[in-house]
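Accompanying notes for the structure given below.
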Amino acid sequence: MDAMERPNRTTRLGMLTPSSNSVLEPATAHLLAGLAGVSAHFARFRVTEIGLSPAALDQFDPEPILVAADLLADARVAAILWNGTSGAWLGFDADERLSAAITDRTGCPASTAALAFRDLFRARGFRRIGLVTPYTGDVQRRIQANWGAAGLDCGAERHLGLSENFAFAEAGPEAIAGMVRAVASEGVDAVAIVCTNLAGAALAPALEAELGVPVVDSVAVTLWKGLDLAGCPTAHLAAHGRAFAAGGEGRP
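Anchor point for the sequence shown: position 22 equals 624 in the working numbering, and the numbering is continuous, going up by one each time.
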């Protein structure tokens, strides 16, 4: 049965969530507020530090993620999304393998925040990306290299130099908006706020109006991808940012 034809007419989206993240759940709820027939459901696994050390990288071993995906599948979700950006520094291929494993294990279509960025940027023809993150310099450079290999030029970048995942949520709107303005001033096709624990989604519409370029937040783009996988239109959420606009309306 198609997700949109279930008796209660609810499309359920499953979101895999870093354990120390306190932004993505309320941000997703805010984006979905007033949207009838779609709900988001969350399962956590342990992520507390972002870095390139063995301990930090081991947090993204597939097995705990797949166990969490199994629990989401019990809720008969229409799609499962890894609502985290680890694929940005681990590589898009890592997220492709993870998504395939989730689908093989649960039968649900799956994707990730990093793949959603790539899919959206390719669909809209964006190549010059302003990269905004809370991460340390070595993680930022790894993202630039990975995205560059995929044809996304992230030479315009700003980062906060943080590694504790919980601390990312404490970055204030002024700091986030300042980074967005800085990279936009260097001439980009779009700005990517890369981290689902950085509170950028609510800032995007005003910044887009001010700067004249799409400002794509990680939580928002993950929701965009989840709705797409579930066969739901996204244009009705366009007030929350150009990522949700139909077709090529997100072009600068």
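All C-beta atoms in this analysis are idealised placements derived from N, C-alpha and C, irrespective of residue type, glycine included. Bear in mind that the values here come from a model prediction, so they are computed numbers and not experimental data.
6 Å Cβ shell around residue i - same chain, five flanking residues per side excluded
i, result
"Glu851", "The predicted model places Glu851 with a pLDDT of 46, which falls under 50 and marks its position as unreliable; any figure quoted below should be read in that light. Nothing meets the Cβ criterion."
"Gly653", "Ser765"
Extent of the continuous alpha helix (DSSP H) run through residue i
i, result
"Gly616", "It is not in any alpha helix (DSSP H) - Gly616 instead sits in the beta strand (DSSP E) that spans Thr613 to Pro620."
Limits of the beta strand (DSSP E) - the one that residue i falls within
i, result
"Gly732", "Ile731 to Thr735"
"Glu759", "Glu759 to His761"
Exposure of residue i, with buried meaning 16 or more beta-carbon neighbours within 10 Å
i, result
"Leu637", "exposed"
"Gly686", "buried"
"Glu607", "Confidence at Glu607 is low in this model, with a pLDDT of 43, below 50, so the placement of that residue should be treated as unreliable; the coordinate-derived value is given next. By the 10 Å Cβ count, Glu607 comes out exposed."
"Ala712", "buried"
"Ala747", "exposed"
"Thr697", "As written in the sequence, residue 697 is Asp, which differs from the Thr given in the question. By the neighbour-count rule (16 or more Cβ atoms within 10 Å), Asp697 is buried."
"Leu618", "buried"
"Ala677", "exposed"
"Ala605", "Residue placement at Ala605 is poorly supported in this model, since its pLDDT is 42, which falls under 50; the coordinates still yield a value, given next. When all chains shown are included, Ala605 counts as buried."
"Ala841", "exposed"
"Ser565", "Outside the displayed span of the chain (603 to 854) sits residue 565, for which this structure offers no information."
"His761", "buried"
"Glu788", "exposed"
"Arg611", "exposed"
Nearest-angstrom beta carbon gap, residue j and residue i [assumed within contact, 8 Å]
i, j, result
"Val821", "Val625", "7 Å"
"Asp755", "Arg729", "6 Å"
"Ala794", "Val818", "5 Å"
"Cys834", "Thr735", "Not really, about 28 Å apart at Cβ, beyond 8 Å."
"Ala658", "Glu651", "5 Å"
Residues near residue i in its chain [Cβ-Cβ closer than 7 Å; skip 5 each side]
i, result
"Val790", "Arg730, Ile731, Gly732, Ala758 and Val815"
"Gly802", "Ile778, Ile795 and Asp819"
"Val669", "none"
8 Å CB neighbourhood of residue i in its chain, flanking five on each side removed
i, result
"Met603", "Confidence at Met603 is low in this model, with a pLDDT of 39, below 50, so its placement is unreliable and the value that follows should be read with caution. Taken in chain order, the list of residues that qualify is empty."
"Pro854", "Because Pro854 sits at a pLDDT of 40, beneath the cut-off of 50, its placement in the model cannot be relied upon, and the following sentence gives the value as read from the coordinates. Only Asp791, Ala792, Gly814, Val815 and Pro816 meet the Cβ criterion."
"Glu810", "Pro816, Val817, Gly843 and Arg844"
Whole runs of the beta strand (DSSP E) within the segment 688-747, excluding any shorter than 3 residues: As for any beta strand (DSSP E) of minimum length 3 sitting wholly inside the segment 688-747, the runs are 712-714 and 731-735, ordered along the chain.
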